[in-house]
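In my numbering, the protein residues as written are 93 to 433. Cβ coordinates follow ideal geometry from the N, Cα and C atoms, glycine included. For clarity, every value in this text was computed on a predicted model and none was experimentally measured.
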Ligand code: HEM
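As structure tokens, then:
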């Protein structure tokens with residue numbers, strides 16, 4: 093079997109996945125894993141946090157391309173080749189655990205249904221993230237947040253089941269499906285023919301789209317304010333240098349904390365008040381006006397500028413002030429909720 097030969101090779105494999113489908117698969121898988129990991133484990137003031145949205149944008153770009161490719165693409169990439177019949181699932185799952193069941197290059201119901209599910213969530217998750225950042229009320233932001241997190245959990249669960257399926261296939265049948273998404277080859281049943289065009293040009297187009305949207309986002313990102321301009325809207329995707337931003341999240345977190353007990357909120361307020369006065373003291377103690385935060389130290393290699401924002405006292409006072417802000421946000425949110433009731 094040469095690159096463009098549709099007939100089976102010596103291992104009875106045919107070419108099933110074209111270049112853009114394989115590229116989509118890995119771009120999508122990486123984006124989902126990265127966006128989820130950053131969203132789940134990185135702090136919103138971490139320098140990698142803006143990449144959460146960046147990978148979300150990559151995922152939706154890849155899926156939008158895939159939808160077009162699912163309509164005009166090669167034989168096995170088309171949605172018409174997907175087996176979306178849920179009633180076909182039990183028989184397929186039985187055959188997946190049967191070592192002697194005949195191989196087929198056709199799209200199976202388990203991977204077809206999982207693929208469509210993941211593609212749908214790959215669109216809805218970034219859209220709900222956008223909704224969170226552009227929400228006009230706290231309640232609306234909270235609803236988008238809820239949807240965003242639930243769908244993110246669901247896509248990861250589907251992906252885990254999908255990967256488990258690949259492992260089961262390898263263990264039971266000895267066929268490495270992971271390689272199929274790299275080489276494009278799958279074992280075929282008698283009479284099945286592969287594709288004769290692996291569509292490299294469409295692959296280049298997908299790369300251009302991914303690179304283009306990455307470039308557009310990066311050039312519209314303002315690291316100082318933690319904002320990015322998307323379709324004329326300024327989105328706060330990370331904390332700004334003053335520790336502001338992601339206010340919806342902060343309010344949400346504060347709200348959750350508040351639910352855990354009024355006493356905690358009280359403590360937060362007290363600490364916040366203390367923090368504010370400490371912040372004042374810290375700034376005064378450093379003997380600087382608010383306008384001049386920089387300290388210049390002469391060293392052997394020349395003058396070095398230290399930003400007093402890096403001092404422990406400043407950071408502590410900042411985090412105390414943040415606590416107060418969360419508390420105030422929560423108070424405001426609760427008032428809003430009462431009013432809406
Ligand atoms: C978060 C991780 C992953 C996601 C989100 C994901 C998503 C997808 C999607 C959307 C498809 C459909 C592809 C298409 O037709 O365009 C697919 C198919 C496939 N994936 Fe994944 N995948 C992930 C991880 C993996 C891994 C780790 C492997 C293997 C080591 C793998 C192997 C495959 C294979 C072999 C298919 C084709 C199944 C078939 O024959 O229809 N995937 N995956």
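Contact test: residue i Cβ vs ligand 2 heavy atom, cutoff 7 Å
{"i": "residue 200", "result": "Here the bound small molecules are ligand 1; ligand 2 is not part of this structure."}
Same chain, Cβ closer than 6 Å to residue i, five either side skipped, listed in chain order
{"i": "residue 288", "result": "96, 98"}
{"i": "residue 218", "result": "148, 152"}
{"i": "residue 298", "result": "112, 115, 157"}
{"i": "residue 204", "result": "174, 175, 176"}
{"i": "residue 312", "result": "320, 321"}
{"i": "residue 293", "result": "none"}
{"i": "residue 141", "result": "134, 330"}
{"i": "residue 61", "result": "Shown here, the chain extends from 93 to 433; a query on residue 61 therefore has no answer."}
{"i": "residue 154", "result": "116, 119, 120"}
{"i": "residue 181", "result": "201"}
{"i": "residue 193", "result": "187"}
Residue i beta carbon near ligand 1 (any heavy atom closer than 7 Å)
{"i": "residue 228", "result": "no"}
{"i": "residue 116", "result": "yes"}
{"i": "residue 158", "result": "yes"}
{"i": "residue 254", "result": "yes"}
{"i": "residue 147", "result": "no"}
{"i": "residue 172", "result": "no"}
{"i": "residue 120", "result": "yes"}
{"i": "residue 196", "result": "no"}
{"i": "residue 203", "result": "yes"}
{"i": "residue 287", "result": "no"}
{"i": "residue 210", "result": "yes"}
{"i": "residue 269", "result": "yes"}
{"i": "residue 130", "result": "no"}
{"i": "residue 251", "result": "yes"}
{"i": "residue 124", "result": "yes"}
{"i": "residue 113", "result": "yes"}
{"i": "residue 296", "result": "no"}
{"i": "residue 127", "result": "no"}
{"i": "residue 272", "result": "yes"}
{"i": "residue 280", "result": "no"}
{"i": "residue 207", "result": "yes"}
{"i": "residue 169", "result": "yes"}
{"i": "residue 264", "result": "no"}
Expected contact under 8 Å - CB spacing of residue i and residue j to nearest Å
{"i": "residue 214", "j": "residue 151", "result": "5 Å"}
{"i": "residue 130", "j": "residue 116", "result": "Their Cβ separation, rounded to whole angstroms, is 21 Å, which puts residue 130 and residue 116 out of contact at 8 Å."}
{"i": "residue 184", "j": "residue 202", "result": "6 Å"}
{"i": "residue 284", "j": "residue 197", "result": "5 Å"}
{"i": "residue 212", "j": "residue 124", "result": "Residue 212 to residue 124, Cβ: 13 Å. No contact."}
{"i": "residue 264", "j": "residue 186", "result": "Contact doesn't hold; Cβ gap of about 11 Å is too wide."}
C-beta atoms of residue i and residue j nearer than 8 Å
{"i": "residue 112", "j": "residue 281", "result": "no"}
{"i": "residue 109", "j": "residue 168", "result": "yes"}
{"i": "residue 244", "j": "residue 146", "result": "no"}
{"i": "residue 330", "j": "residue 136", "result": "yes"}
{"i": "residue 200", "j": "residue 175", "result": "yes"}
{"i": "residue 302", "j": "residue 320", "result": "no"}
{"i": "residue 107", "j": "residue 266", "result": "no"}
{"i": "residue 171", "j": "residue 163", "result": "yes"}
Contacting residues, own chain, Cβ-Cβ under 8 Å from residue i (five flanking each side not counted)
{"i": "residue 104", "result": "195, 279, 280"}
{"i": "residue 262", "result": "268, 269, 270"}
{"i": "residue 216", "result": "239, 243"}
{"i": "residue 260", "result": "188, 189"}
{"i": "residue 351", "result": "Confidence at residue 351 is low in this model, with a pLDDT of 49, below 50, so its placement is unreliable and no value can be given for it."}
{"i": "residue 326", "result": "319, 320"}
{"i": "residue 393", "result": "Its pLDDT being 43, under 50, residue 393 is placed unreliably by the model, and the measurement read from it follows with that caveat. Closer than 8 Å at the Cβ level, and outside the excluded window around residue 393, lies no residue."}
{"i": "residue 305", "result": "149, 150, 153"}
{"i": "residue 159", "result": "211"}
{"i": "residue 433", "result": "Residue confidence is low: residue 433 scores 49 on pLDDT, short of 50, so the model does not pin down where it sits. No coordinate-derived value is stated."}
Own chain partners of residue i with C-beta closer than 7 Å, once the 5 adjacent residues on each side are dropped
{"i": "residue 295", "result": "111, 112, 115"}
{"i": "residue 324", "result": "none"}
{"i": "residue 344", "result": "Unreliable positioning characterises residue 344 in this predicted model, as indicated by a pLDDT of 48, which lies under 50. The coordinate reading is nonetheless provided below. Once the five neighbours on either side are set aside, the close Cβ partners of residue 344 are 234, 237."}
{"i": "residue 250", "result": "206, 209, 210"}
{"i": "residue 276", "result": "107, 108, 109, 110, 114, 290"}
{"i": "residue 166", "result": "110, 287, 289, 291"}
*Taking contact to mean at least 3 C-beta pairs separated by less than 8 Å, is the region 214 to 227 in contact with the region 235 to 250?*
yes
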